[in-house]
Amino acid sequence: MIDEAFFARDAETVARALIGATLLVDGVGGVIVETEAYDREDPASHSFRGETPRNGAMFGPPGRAYVYRSYGMHWCFNVVCGPGPTGAAVLLRAIEPAAGLDAMRERRGLSDARLLCAGPGRLCQALGVTRAHDGLPLSAPPFRLLASDGPTAVLAGPRIGITKGVETPWRFALAGSRFLSRPLREPCVGSDGRTQRGGLPGGRNLDPIPDLNRSNRLDRKDPR
DNA sequence: ACCCAGATCATCT
DNA sequence: GATGATCTGGGTG
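Laid out in structure tokens, this is it:
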């Protein structure tokens, strides 16, 4: 079981460490395969401009949930980090479904396991996470958070869907996972700190899901 | 494979 | 009044 000390570290460290851990909400969940780090000095972070009613949980103790509504219709699930109340958190972006697949399929209205939790909004819908979970400790029901079994190969890259802090490579993914919200674009920095190409031996792309690698501001590299 | 627009609302300017 | 840590379905090549 993951304890308090686990979260009492900076967001980047926790975001890396969460890859491979298992999250269950009322018994529904799986292996965390994609995260992003945000902290107080980060212009992309909700905490950047200080505490507000919405982001209050981010300024509370580490190890609690921070849940907010995104684009008026999705929920996004974060884990607050430390040390202490620093306004840092890790966004959970994708999970490899492992438990409660039927419940996920019903909530999502989909059967394809690859798409059940591939994205922060999808993940919340599949696990039934809502504002009701905001501020709750991850150490107690309905949550269960289990440390990963063995060593995990973690890749890093730029975060998704933001307009500020675009350069900071604080998106982390389990190497080779088919369950990411979108492929990690090269170059990817491996957990050993070295740049890797292609992600896996013999592989071309990390996760070439057709029609999932769609238009995005970040895709439009200035054609100049 | 890529591009686009609509849904929908709390938060902040 | 605009924006956004998103997702989906539709269109086109």
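All letters in the first sequence, in the order written, are residues 18 to 241 by the working numbering. Ideal placement from N, C-alpha and C gives every residue a C-beta, glycine not left out. Predicted model only: the values in this text are computed from it and were never measured.
- DSSP places leucine 132 in the helix class (H, G or I) of the three-state scheme.
- Counting C-beta pairs closer than 8 Å gives fewer than three between the segment 27–39 and the segment 176–183, which falls short of the contact rule.
- Rounded to the nearest angstrom, the gap between the Cα atoms of glutamate 184 and leucine 172 is 15 Å.
- Here the alpha carbons of threonine 147 and glycine 138 stand approximately 10 Å from one another.
- Alanine 157 sits in coil when the DSSP states are folded into three classes, being neither helix nor strand.
- Ranked by Cα distance from proline 100, the options Ala143, Pro60 and Ala28 are led by Ala28.
- Judged by DSSP in its simplified three-state form, leucine 127 adopts coil rather than helix or strand.
- CA-to-CA, the gap between alanine 82 and aspartate 56 works out to about 15 Å.
- The straight-line gap separating the alpha-carbon atoms of arginine 188 and glycine 73 is approximately 23 Å.
- Shown here for leucine 133: same chain residues with a beta carbon closer than 6 Å to its own, the five before and five after excluded, namely Pro114, Met121, Arg125 and Ala143 in chain order.
- Annotation: glycine 46 is outside any alpha helix (DSSP H); the continuous beta strand (DSSP E) that includes it extends over 45–55.
- In the structure shown, glycine 138 adopts helical secondary structure according to DSSP, grouped into three states.
- DSSP places alanine 32 in the uninterrupted alpha helix (DSSP H) bounded by 28–35.
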